[in-house]
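*Asks:* If you scroll down you'll find the structure; I have some questions about it.
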Amino acid sequence: MSLPDAGAAPVDEMSRVITLGRGRQSFSCPAIMGVLNVTPDSFSDGGRYDRPDQAVNHALRLCEDGADIIDIGGESTRPGAGDVSWEQELDRVIPIIEAVVSRADVSVSIDTSKPRVMREAVAAGAGLINDVYALRASDALETARELDTVVCLMHMRGTPRAMQTNPSYDDVVSEVRAFLEERVQACLDAGIPRENLIVDPGFGFGKTLDHNLSLLRGLQSLSELDLPVLAGFSRKSFVGKITGSGIDDRVFGSVAFALAAVREGVSIVRVHDVKATSDALKVWRAVYG
Ligand code: 8Y7
Numbered sequence: 402m403s404l405p406d407a408g409a410a411p412v413d414e415m416s417r418v419i420t421l422g423r424g425r426q427s428f429s430c431p432a433i434m435g436v437l438n439v440t441p442d443s444f445s446d447g448g449r450y451d452r453p454d455q456a457v458n459h460a461l462r463l464c465e466d467g468a469d470i471i472d473i474g475g476e477s478t479r480p481g482a483g484d485v486s487w488e489q490e491l492d493r494v495i496p497i498i499e500a501v502v503s504r505a506d507v508s509v510s511i512d513t514s515k516p517r518v519m520r521e522a523v524a525a526g527a528g529l530i531n532d533v534y535a536l537r538a539s540d541a542l543e544t545a546r547e548l549d550t551v552v553c554l555m556h557m558r559g560t561p562r563a564m565q566t567n568p569s570y571d572d573v574v575s576e577v578r579a580f581l582e583e584r585v586q587a588c589l590d591a592g593i594p595r596e597n598l599i600v601d602p603g604f605g606f607g608k609t610l611d612h613n614l615s616l617l618r619g620l621q622s623l624s625e626l627d628l629p630v631l632a633g634f635s636r637k638s639f640v641g642k643i644t645g646s647g648i649d650d651r652v653f654g655s656v657a658f659a660l661a662a663v664r665e666g667v668s669i670v671r672v673h674d675v676k677a678t679s680d681a682l683k684v685w686r687a688v689y690g
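In C-alpha cells form, the structure reads like this:
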C-alpha cells in the first residue's frame, strides 16, 4: 500500500491533528470520544443517565474532563440486549443531542444503526454517525451519503444478542481488516467520500480475550487502510478478564489499554472515564510529543 501525501493524510503525524469530513472537523490527536448511554439497560453504565437532566449534566462533565466528541446512544449494544424501536431511540437521544449541542463546544456522535435515527440526530446537530453495524442496515449507506457526515464503520461478528457465543476466526486480524475493507469499498461505491470514514476493529464484539489482544497487536494492519482508527475497549469484560476487576473497577485497566491502543496507531479512543484517559494522554504527549 502506498504512503499518503503529507497534506492529504487524515492524521497529520507532524502536528498530530486529525481532520475529518473534508476539513470540517479537526481534533488534536489522539482524540477522546466520551460515552453517553441514554439507555435503561446499557452494559457498563446502564440506567445512570436515563433522566434527561442527568444525561446532559454528565455530557457537560465529560466535556470539561477533556472529551472532543460525545457519543450518544439510545440503544444498548451489550451482549444479549433486546431491540429498541426507532421511536423509542429518538425519544431518548434527540433532546439530549439538542441540549449538548446548544450548551457545549463539542462534536456530537450518534451511536445508532437506524437510518431514521441517523437523519434526525444529524438534523439535531450530530456531526458523526457511529454505527456498530457499519452501515449494513437497509438504506443506511444511502442515508449516510445524503447526510454527508463522518461515519465510524465498526467490525462486529454476528449480532449483539449472539456475538459472544463461541466466536472463532482463522486469522482475526486479516478477517477484521477484510471486513472493514469491504465496508469502506461499499461506502465509496455508494458515493460516500473517503474523507468521511473512520474504521474500528470492534473490540469485544464477537471476540475472545485472545482475539482482542491479537487485534490490538495487529492494529498496524488497519492503519494501512489510511483511515483514522477508532477503538473502544473502556470497561469491557476482556479488560476485567485481564485485571480480575468488576465492571465498576476497570478504569485503570481501561486507561492502560488506551495507551497501548495509541501506541499501536489509534487516533480516537472511545471511553467512559474521560478525565482519567485525558490525564494519561497528556502525560503520553508530554513524553512522546
Ligand atoms: C463500541 C461502540 C460500543 C466500540 C464503537 C460498550 C457503541 C459497548 N462499543 N462503538 N459502541 N466502538 N465505534 O461497552 O468499541 O461501550 S457499546
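Its first residue numbered 402, the sequence shown is counted upward by one per residue in our numbering.
Using N, Cα and C, we set each Cβ at its ideal position, and we do this for glycine too.
(1) Regarding D512 and ligand 1, is the C-beta to nearest heavy atom distance less than 7 Å?
(2) Throw me the rounded Cβ distance for the D472 and S503 pair, which I believe falls under 8 Å.
(3) Would you identify the three-state DSSP class for D680, choosing helix, strand or coil?
(4) If you check the beta carbons only, do G613 and V552 fall under 8 Å apart?
(5) In the DSSP output, what is G474 paired with across the bridge?
(6) How about F580: is its Cβ closer than 7 Å to a heavy atom in ligand 1?
(7) Would you mind working out which of P516, I643, T420, F639 sits nearest S508, comparing C-alpha positions?
(8) Ordered along the chain, which non-local residues of its own chain (more than five positions away) have a Cβ less than 6 Å from that of I470?
(9) Classify T644 as helix, strand or coil using the three-state DSSP reduction.
(10) Taking only the alpha-carbon atoms, compute the straight-line gap between R423 and A587 and give it to the nearest angstrom.
(11) What span of residues does the beta strand (DSSP E) with I419 cover, start to end?
(12) Is the closest heavy atom of ligand 1 to the C-beta of F604 under 7 Å?
(13) Three Cβ pairs or more, each shorter than 8 Å: is that satisfied between the segment 540 to 552 and the segment 602 to 616?
(14) Considering only C-alpha positions, which residue in the set L536, R686, V675 is nearest to L461?
(15) Restricting to runs no shorter than 3 residues, where is the beta strand (DSSP E) found entirely within the segment 608 to 656?
(16) So the candidates are L463, R449, N531; which of them puts its Cα closest to the Cα of G474?
(17) On the CB-based measure, 16 or more other CB atoms within 10 Å of its CB, does K683 come out buried or exposed?
(18) Check the C-beta distance from A456 over to V439 and give it rounded, since I have them as a contact under 8 Å.
(19) Identify, in the order they occur along the chain, each residue of the same chain with its Cβ nearer than 6 Å to the Cβ of R517, setting aside the five sequence neighbours on each side.
(20) Using a threshold of 7 Å, is the CB atom of C588 nearer than that to any non-hydrogen atom of ligand 1?
(21) For R546, I'd like the list of residues in its chain whose CB is within less than 6 Å of its CB, leaving aside the five on either flank, ordered along the chain.
(22) May I ask you to list the residues that DSSP assigns as paired with L598?
(23) Can you check whether the CB of L628 is closer than 8 Å to the CB of P431?
(24) What does a CB cutoff of less than 7 Å around P568 pick up in its chain, not counting 5 residues either side in sequence?
(25) Starting from the C-beta of I497, find all residues in its chain whose C-beta is less than 8 Å away, skip the five residues before and the five after it, and write them out in chain order.
(26) Relative to the C-alpha of D649, which residue among H673, P561, A632 is closest?
*Replies:* In short, the structure shows the following:
(1) Locating residue 512 in the sequence shown gives position 111, where the first residue counts as 1. The answer is yes for D512.
(2) Here the question's residue 472 lines up with position 71 in the sequence shown. Here the question's residue 503 lines up with position 102 in the sequence shown. D472 to S503, Cβ: 18 Å. No contact.
(3) Reading the sequence shown from its first residue, position 279 is the one you call residue 680. Here D680 carries a helix assignment [DSSP, helix/strand/coil].
(4) For this step, residue 613 is matched to residue 212 along the sequence shown. For this step, residue 552 is matched to residue 151 along the sequence shown. Here the sequence assigns Asn to residue 613, which means Gly is not the residue at that position. It is not a contact, given that the beta carbons lie outside the stated cut-off.
(5) Here residue 474 refers to the residue found at position 73 when the sequence shown is read from its first residue. Looking at the DSSP assignment, G474 forms a beta bridge with N438, D512.
(6) Locating residue 580 in the sequence shown gives position 179, where the first residue counts as 1. Not so, every heavy atom of ligand 1 lies at least 7 Å from the Cβ.
(7) What you label residue 508 is simply residue 107 of the sequence shown in a count that begins at 1. Scanning P516, I643, T420, F639 for the CA closest to the CA of S508 turns up T420.
(8) Here residue 470 corresponds to residue number 69 of the sequence shown, with the count starting at 1. Closer than 6 Å at Cβ, skipping near neighbours: M434, S508, S510.
(9) Taking the sequence shown and counting its residues from 1, the one referred to as residue 644 is at position 243. Of the three classes helix, strand and coil, the one that applies to T644 here is helix, per DSSP.
(10) Position 22 of the sequence shown, counted from the start, is the residue given in the question as residue 423. Position 186 of the sequence shown, counted from the start, is the residue given in the question as residue 587. Linking R423 to A587 through their CA atoms gives a straight-line distance of about 19 Å.
(11) Taking the first residue of the sequence shown as 1, we reach residue 419 at position 18. Bounds of the beta strand (DSSP E) holding I419 are 418 to 421.
(12) For this step, residue 604 is matched to residue 203 along the sequence shown. It does: the Cβ of F604 is within 7 Å (strictly closer) of some heavy atom of ligand 1.
(13) Two segments are said to touch when three or more pairs of C-beta atoms, one from each, lie closer than 8 Å; by this definition the segment 540 to 552 does not touch the segment 602 to 616.
(14) In the sequence shown, the residue the question calls residue 461 occupies position 60. Nearest neighbour of L461 by Cα position, chosen from L536, R686, V675, turns out to be V675.
(15) Taken in chain order, the whole beta strand (DSSP E) runs of length 3 or more contained in the segment 608 to 656 are 631 to 633.
(16) For this step, residue 474 is matched to residue 73 along the sequence shown. The shortest C-alpha separation from G474 is found at N531.
(17) Along the sequence shown, one-based indexing puts residue 683 at 282. K683 should be labelled exposed.
(18) By 1-based counting over the sequence shown, the position of residue 456 is 55. By 1-based counting over the sequence shown, the position of residue 439 is 38. So it is a contact: roughly 5 Å between Cβ atoms.
(19) Counted from its first residue, the sequence shown places residue 517 at position 116. Only residues of its own chain outside the window of five on either side were considered, and among them W487 have a CB closer than 6 Å to the CB of R517, listed in chain order.
(20) Within the sequence shown, numbered from 1, the residue matching residue 588 stands at position 187. Checking the Cβ of C588 against ligand 1 gives no.
(21) Numbered from 1 along the sequence shown, position 145 holds the residue referred to as residue 546. Closer than 6 Å at the Cβ level, and outside the excluded window around R546, lie A591, G592, I593.
(22) Counting from one through the sequence shown, the residue named residue 598 turns up at place 197. Beta-bridge analysis with DSSP links L598 to V552.
(23) Within the sequence shown, the letter at position 30 stands for residue 431. Within the sequence shown, the letter at position 227 stands for residue 628. Contact: no.
(24) As a first step, residue 568 must be located in the sequence shown, where it is residue number 167. Contacts found: R558, G607, K608, T609, H612.
(25) Stepping through the sequence shown from its first residue, residue 497 is reached at position 96. Result list for I497: L437, V439, P453, A456, V457, A460, I473, in chain order.
(26) As a first step, residue 649 must be located in the sequence shown, where it is residue number 248. Closest by alpha carbon: H673.
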